[in-house]
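For the sequence shown, the numbering used here assigns the number 131 to the initial residue and increments by one for each residue that follows.
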Amino acid sequence: MNKNTPLTIGVIGSGVIGTLTAYTLKKKNYSVSLFDENLPGTQTSMGNAGTFAHYACIPINSEDILKKLPFLLFSDSSPLSIQWKNLFSIYPWLIKFLQNCSKEKVNNIITKLSIILQKASIANNNLFNEINFGSLINNNETLYLYETEKDFLRDKKNNDLRKSKNIDLTEISTREINEIEPNLNKNFYRGTLFKGSKFTTNPLKFVNKIYEEFLKNNGKFFNKKIIKIKNEENEIIIQDNLNDSYTFDKLIICTGSFSNKLTKMLDETFPMISERGYHLMYNNCKNIISRPISVVNQGIYYIPMEEGLRAAGTVEIGMNDKSINTKRTNWMHKNTISNFNINNDPNKVWLGYRPTLPDSLPVIGKSKNNANIIYNFGHQHLGLTLATISAEIILNIIEDKKNRDFEAFSPNRFN
Ligand SMILES: Cc1cc2nc3c(=O)[nH]c(=O)nc-3n(C[C@H](O)[C@H](O)[C@H](O)COP(=O)(O)OP(=O)(O)OC[C@H]3O[C@@H](n4cnc5c(N)ncnc54)[C@H](O)[C@@H]3O)c2cc1C
């Protein structure tokens, strides 16, 4: 390759992870082509809770998970459930997940997550200064709510851990909660405000804004499904569903929960499942709250989105099929009408797939079988929060800059 010709880079997947990766590489003048069978940001990245959750360093892995498992999996009022029909496919992940629930492993995950989250906070603030997102970014801080003293004390250990990782939080009283959020339907025992946290009022428009900047910088987008990757040494050839081929120096795979389909072509499979999550939209409840609110024991986030109130959350460990578990969504609706004075059904029910590895850390690094193919997926509950920093890590890998902080995300950790 001529020294003056920019590297050609293909990025597969235009969710929040792929779009920010393509944008970050294009800014550095590489020749970047982005591929997606759907339009940018329209899959899992459009339906999330919109929070830049730099405080969210506590994974679902926990020391006492085995004790809690029967309630978590079998109770109708649990924020966690399992897609029993897919147990056979989930089983290997489940075993590895439990292996990552020892005290030592959980502490290690919390440390790794808090390091990347701190860097993500800086990277996101730089992005918000670089691109004019206007009212798409809102500075009202996230509020966690506890219904009872018991719920509050149960989460105290997590709040202490957060504080030990320099997460700035303030505990507030029932009166203070009611002052800042007067439309709640009941008195909550206590709240926690996460200082400096932000959210987007429209995750789809957020991705589209970045996509527009990518196009303005002469990035190319192909609305194509990639069905083949040829693993050559010095160049990578990919093929789409219409049999067109494209050749690149480097390829980045950012296909979220669907990534194993592509990595299998490179003889690599990751122990990844989907933490299926839902959202319900209440369009006539615009501005009922002013900030993201999570009712902690219910595992539901409420967000004042542009279109109305979004209730997002719950975890259903499973696969990527489209079946909606109405038990889960009815439970979310029941909680919503009890938390707020709402008397109508949701206008929309949506399902998304959080790509999750057993140690709750993403996969960011070179394929073991081809150093020119780089993975960037598996961001579980934190894809929106971690997209900018993950893109910067990819840029560093391409430019051969090493950073030991991020070795924990290596694809080789499952070998
Ligand atoms: C209910 C819920 C709430 C959440 N709340 C938050 C939150 O508040 N904050 C936060 O940080 N995160 C949150 N998340 C997590 C976050 O949404 C995800 O981590 C993130 O969207 C994953 O982004 P992605 O780009 O990896 O995947 P996706 O958005 O799924 O994008 C992957 C893309 O790859 C494309 N693709 C797949 N295969 C191919 C192929 N063969 N060829 C071409 N294209 C292909 C798909 O079409 C898709 O567009 C939440 C998730 C859920 C479900």
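Ideal Cβ placement from N, Cα and C applies to all residues, glycine included.
Source: prediction; values computed, not measured.
Straight-line gap, residue i to residue j (C-alpha atoms, nearest Å)
i    : j    : result
R320 : E306 : 9 Å
F470 : L314 : 5 Å
M131 : S161 : In this prediction, M131 scores a pLDDT of 48, lower than 50, which makes its location untrustworthy; the coordinate-derived value is nonetheless stated afterwards. Rounded to whole angstroms, M131 to S161 spans 14 Å at the Cα level.
K233 : T138 : 44 Å
K457 : N270 : 32 Å
W214 : L525 : 40 Å
I523 : N338 : 22 Å
G349 : I297 : 37 Å
I433 : P476 : 14 Å
I79  : E309 : Any question about residue 79 goes unanswered here, given that the chain covers just 131 to 545.
F282 : K295 : 19 Å
E529 : F204 : 48 Å
I357 : I368 : 8 Å
I418 : N289 : 27 Å
Three-state secondary structure assigned by DSSP to residue i
i    : result
G546 : With the chain running from 131 to 545 in the structure shown, residue 546 is simply not present.
D285 : helix
D290 : helix
Y153 : helix
G148 : helix
N132 : Reliability of the predicted coordinates at N132 is poor, the pLDDT of 49 falling under 50, and the value obtained from them is presented with this limitation in mind. Coil, per DSSP.
P434 : strand
F336 : helix
P222 : helix
R305 : helix
P485 : strand
A183 : coil
S175 : helix
Y76  : As displayed, the chain neither begins before 131 nor continues past 545, which places residue 76 out of reach and without an answer.
E405 : strand
F227 : helix
K478 : strand
E193 : coil
V421 : The displayed chain sequence assigns Arg, not Val, to residue 421. Coil at R421, not helix or strand.
I368 : strand
L169 : coil
N348 : coil
S468 : helix
G448 : strand
G495 : strand
Y341 : helix
L217 : helix
N385 : The residue you asked about is not Asn; residue 385 is Thr in the sequence shown. If DSSP states are grouped into helix, strand and coil, T385 belongs with coil.
Spatial neighbours of residue i in its chain, beta-carbon cut-off 7 Å, leaving aside the 5 residues before and after
i    : result
V493 : F400, L487, Y505, F507, G508, F539 and P541
C231 : N191, S192, E193 and I195
K242 : L491 and A538
N455 : E446
V146 : G171, S175, V337, G513, L514 and A517
Sequence-distant residues of its chain with Cβ nearer than 6 Å to residue i (five each side left out)
i    : result
L381 : G140, I366 and I503
S144 : L164, D166 and P170
S424 : Y274 and Y431
K496 : I504
L459 : Note that residue 459 is Thr in the sequence shown here, rather than Leu. Taken in chain order, the residues that qualify are Y408 and V479.
N545 : none
K249 : I519
A441 : L410, I430, Y432, M462 and T466
Expected contact under 8 Å - CB spacing of residue i and residue j to nearest Å
i    : j    : result
E311 : L273 : 7 Å
T94  : P422 : Any property of residue 94 remains undetermined from this structure, which presents the chain solely from 131 to 545.
M176 : L334 : 4 Å
I212 : I383 : Rounded, the Cβ-Cβ distance is 27 Å, inconsistent with contact.
N500 : N361 : 5 Å
N317 : T304 : 5 Å
N474 : N414 : 7 Å
CB of residue i within 7 Å of CB of residue j, strictly
i    : j    : result
G443 : K416 : no
N153 : E342 : Note that residue 153 is Tyr in the sequence shown, not Asn. No, the pair does not count as a contact, with Cβ atoms beyond the cut-off.
I546 : I245 : Here the chain comprises residues numbered 131 to 545, so residue 546 is not present and cannot be evaluated.
F263 : L299 : no
T518 : N254 : yes
S387 : P485 : yes
Y483 : T174 : yes
S404 : M449 : yes
Q428 : N465 : yes
M402 : I359 : no
E301 : T322 : yes
S265 : H184 : no
D489 : I239 : yes
Contact set for residue i: own chain, Cβ-Cβ below 8 Å, skip 5 residues either direction
i    : result
K354 : F165, D166, E167, D370, N371, L372 and D374
F201 : S208
A186 : L243, L247, H511, L512 and T515
Chain D contact for residue i (CB, 7 Å cutoff)
i    : result
V146 : Going by chain labels, chain D is absent from the structure shown, which holds only one protein chain.
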